[in-house]
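In this note's numbering, the protein residues as written are 444 to 691.
Below: the structure, in structure tokens.
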Amino acid sequence: MVIDVTILCLVIFFALIGAISGAAKQIAQMVGMAVAYFASKRLGPVLGPKLAGSFGDSQLAGVLVASVLVFVVVLITVRYALVALLQRLMAGKDPNNRGPDRMIGFVLGGTKVALICYVVMSALTFVEQHVVVAGKKLGISPKDSKAFGLVRSHNLFEMTQFAPIKDFVRVAQASTDPERARKLQNDPAYKALRQDPRFQRALKEDSLRRALEQGDTQALLRSNLILQLIQDPEFAARLGAAAQASDR
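Right, dumping it as structure tokens:
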């Protein structure tokens, strides 16, 4: 509960700071975060494999670190440029009237910090759940925190960067179910997956096959082969289409 109170205090504190600094800087910050998130989502998987060697050849850790680095660099760059532009645009005939500017700044200041906390907690809980060091999971987040509990249920990285893993499990499980497998026989997306040698290799590897049967996404995300597949946009699109077809 201490961490929850700390987060709440941070949100209120930076909301007040936002009111003092005004909306121009806060809007620039929010836009910068959106652009930085988009850039990190696109560039993280590209740069991740190049950083994997620094983390014991763990592609998962490489992607996470690359995504965070891209996010920070893009955020700083975009914010600096937009602050200069917005301050000029918001300077009206009466530059002393900062009521609306401060009010909007208060709201945006709190929102900004809440989003930053969400991204950081998502990264921490994701690493805690999916990265194993010396045979043990990392105990990073406090178990009694309601904020961390909420983030575990709605993790940003699981819902976006690694969302196709759930489609992979659905398709693999459907292929072993006679009734659902019949539905997929004539599906173009599933046919394309079956012809992909990487998909076949994943289904034949004993440890991955067991993880797919059990729906163990944590074990799957520790496989570099699975990470390469779900981060391939074309492969991920086929997984999504085949998963939908299996549920019809």
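Here a beta-carbon is modelled for each residue, glycine too, at the ideal position from N, C-alpha and C.
Note on F514: 16 or more other CB atoms within 10 angstroms of its CB, so buried under the neighbour-count rule.
Within 10 angstroms of the beta-carbon of K468 lie 16 or more other beta-carbons, which makes it buried.
The C-beta separation of T568 from V594 comes to about 5 Å, placing the pair in contact by the 8 Å criterion.
By the Cβ-count criterion, E601 is buried, with 16 or more other Cβ atoms from all chains shown falling within 10 Å of its own Cβ.
For D639, the three-state secondary structure derived from DSSP is coil. Taking the CA atoms as reference points, Q572 sits about 23 Å from V614. Distance from the CA atom of I559 to the CA atom of A632, rounded to whole angstroms, is 37 Å. P488 and G461 have their C-alpha atoms some 33 Å from each other.
Only residues of its own chain outside the window of five on either side were considered, and among them M444 have a CB closer than 8 Å to the CB of D587, listed in chain order. The Cβ atoms of M564 and A466 do not sit closer than 9 Å to each other. Boundaries for R665: no alpha helix (DSSP H) harbours it, and the DSSP string shows neither H nor E there. With 16 or more other CB atoms across the displayed protein chains lying within 10 angstroms of its CB, T660 is buried. When the beta-carbon positions are compared, L518 and G505 stay at least 9 Å from each other.
Secondary structure note for P621: its alpha helix (DSSP H) is the uninterrupted segment P621 to L627. Look at D610 here: in three-state DSSP terms it is helix.
Secondary structure of P488 (DSSP, three-state): helix.
A direct Cα-to-Cα measurement between V556 and E677 gives close to 35 Å.
A684 is the residue among T449, A684, R665 and I455 whose C-alpha sits nearest the C-alpha of K634. Looking at the backbone, the Cα of R522 and that of L664 are separated by about 33 Å.
Counting along the chain, M602 sits inside the alpha helix (DSSP H) bounded by residues L599 to M602. Apart from the 5 residues on each side of it in sequence, A688 sits with its Cβ closer than 8 Å to the Cβ of K626, L627, D630, A632 and Y633 in its chain, given in chain order. Taking 8 Å as the upper bound for CB-CB distance, L451 and L670 are not in contact here, some 35 Å apart. If you ignore the 5 residues before and after P492, its C-beta comes within less than 7 Å of the C-beta of Q502 and G505, all in its own chain and listed in chain order. DSSP places F605 outside both helix and strand once states are collapsed to three, so it counts as coil.
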